[in-house]
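Down below is the structure, laid out as structure tokens.
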Amino acid sequence: MARLSEDEAVELALAQSKIAAWLDRYPPDPATDADFRSQTRTWLVKVWSGEAGQIAQAVVEDTTSRVTEAWTGPQVAWKMARGRDGAFGGKTLLKPYVWLGLCAIFLLGLADLRRPLSARNLDLLALLGFTASLYFFARGEVFRSAPLVYPVLGYLLARGLWVGFGRRSAPLASVWPTWVLAAAAVFLIGFRVGLNVEAPRGVIDVGLAGVVVPQNPGNLSAFGLLTVDVRNDYVQTHVERHTSLDLRTVEDILGRLTERAAAALDAEGFERADHGYAQLAAAEA
Numbered sequence: 004m005a006r007l008s009e010d011e012a013v014e015l016a017l018a019q020s021k022i023a024a025w026l027d028r029y030p031p032d033p034a035t036d037a038d039f040r041s042q043t044r045t046w047l048v049k050v051w052s053g054e055a056g057q058i059a060q061a062v063v064e065d066t067t068s069r070v071t072e073a074w075t076g077p078q079v080a081w082k083m084a085r086g087r088d089g090a091f092g093g094k095t096l097l098k099p100y101v102w103l104g105l106c107a108i109f110l111l112g113l114a115d116l117r118r119p120l121s122a123r124n125l126d127l128l129a130l131l132g133f134t135a136s137l138y139f140f141a142r143g144e145v146f147r148s149a150p151l152v153y154p155v156l157g158y159l160l161a162r163g164l165w166v167g168f169g170r171r172s173a174p175l176a177s178v179w180p181t182w183v184l185a186a187a188a189v190f191l192i193g194f195r196v197g198l199n200v201e202a203p204r205g206v207i208d209v210g211l212a213g214v215v216v217p218q219n220p221g222n223l224s225a226f227g228l229l230t231v232d233v234r235n236d237y238v239q240t241h242v243e244r245h246t247s248l249d250l251r252t253v254e255d256i257l258g259r260l261t262e263r264a265a266a267a268l269d270a271e272g273f274e275r276a277d278h279g280y281a282q283l284a285a286a287e288a
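According to the working numbering, numbering within the sequence shown proceeds without interruption in unit steps and concludes at 288.
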């Protein structure tokens with residue numbers, strides 16, 4: 004049995020500083036709901052505000068009355084924005100010496116060390132500017148992370164226009180021997196594999212820890228797109244009293260639809276011998 008009541012759990016959640024500050028953006032008296040989870044002895048509190056939908060979520064410990072989790076805005080629906088420890092590449096990748104070391108490999112491997120003030124080096128530094136945004140994103144500070152992307156994107160836009168409409172420069176060449184670049188590539192691949200071994204279920208983008216191939220894949224599956232049959236559906240409504248409906252009229256409609264389907268398959272390059280048709284007529288009162 005819970006020690007706190009639902010109203011008490013909601014009151015504790017709404018009083019949490021992060022959630023309270025976020026709720027100031029919305030009209031007063033938001034809708035709330037609290038569910039007690041007996042296995043963890045915690046309350047899951049959710050907050051809604053009209054058309055904005057769910058705007059906050061909190062976890063309250065029943066035994067201590069302490070708010071252990073508080074999520075607002077995009078963090079409610081998008082768990083990636085919560086910045087959980089080790090969520091991106093495992094706990095190793097976010098260590099400062101690993102993060103900065105990878106940045107150094109990127110910069111030193113591609114920079115023109117003989118001309119430190121060249122545009123090439125400035126481009127590399129601009130690309131490394133994305134790491135500032137990624138740093139805050141990994142910490143769950145999405146409102147600091149997002150604005151830091153725009154200066155870099157603005158630079159890349161201006162640089163792209165300059166390259167596209169300006170004078171063509173000489174092709175870029177690496178300052179390092181090929182074997183050095185190959186060794187660095189092998190090292191980085193091994194390092195990436197090591198991170199996967201450390202966090203086998205850690206995924207950065209879609210939130211799936213593996214590749215899922217359905218038993219009967221369809222067009223939305225990469226494998227299914229190459230293997231499933233091409234299917235086109237054609238539908239036509241015909242309104243008539245059932246007492247005067249002629250079977251030949253139905254057959255004519257199905258015949259015209261079949262001809263449209265055959266023409267479409269012909270246009271896609273399928274031989275008539277490979278065509279297959281399924282006809283269905285349904286009557287509704």
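Every residue, glycine too, gets a C-beta built ideally from N, C-alpha and C.
Around the C-beta of residue i, are 16 or more other C-beta atoms found within 10 angstroms, so that it is buried, or is it exposed?
i	result
F140	buried
Q78	buried
I58	buried
S148	buried
L160	exposed
Q19	buried
W74	buried
A61	buried
L96	buried
L15	buried
V292	In the structure displayed, the chain extends from 4 to 288; residue 292 sits before or after that span and is not available.
V242	exposed
V70	buried
L127	buried
What three-state label does DSSP hand residue i in the structure shown?
i	result
V233	coil
T240	coil
K82	helix
V101	helix
F273	coil
L260	helix
G163	helix
R195	helix
T246	coil
D11	In the sequence under discussion, the amino acid at residue 11 is Glu, which differs from the Asp named in the question. Note: E11 maps to helix in three-state DSSP.
Which residue from the options puts its Cα closest to that of residue i?
i	options	result
Y138	V63, W102 and F39	W102
A286	A187, F190 and T240	T240
D10	P30, L260 and D38	D38
R289	V152, G132 and W179	Since the first residue of the chain shown is 4 and the last is 288, residue 289 is not available in this structure.
E144	I256, T71 and A84	A84
N235	N124, A265 and G163	A265
P150	V189, A135 and R162	A135
Y237	L191, R244 and A284	A284
S52	I192, A185, L26 and R44	L26
T261	T95, L191, D249 and H278	H278
L7	K21, T67 and D269	T67
A188	R142, W165 and L113	L113
G347	G76, Q42, F190 and L120	This structure does not reach residue 347, given that the chain is present from 4 up to 288, and the question cannot be answered.
A80	A107, R123, V70 and K49	K49
S177	R123, F168 and A129	R123
G56	E72, L130, T252 and P30	P30
Could you round the C-beta distance between residue i and residue j to whole angstroms and report it? I think they count as a contact, below 8 Å.
i	j	result
A23	L17	6 Å
T35	V13	5 Å
V233	E271	7 Å
P154	G132	7 Å
W46	D65	6 Å
Whole alpha helix (DSSP H) elements within the segment 18-74, 4-residue minimum:
20-26
Every unbroken alpha helix (DSSP H) inside the segment 97-154 [4 residues or more]:
99-113, 122-131, 133-141 and 145-148
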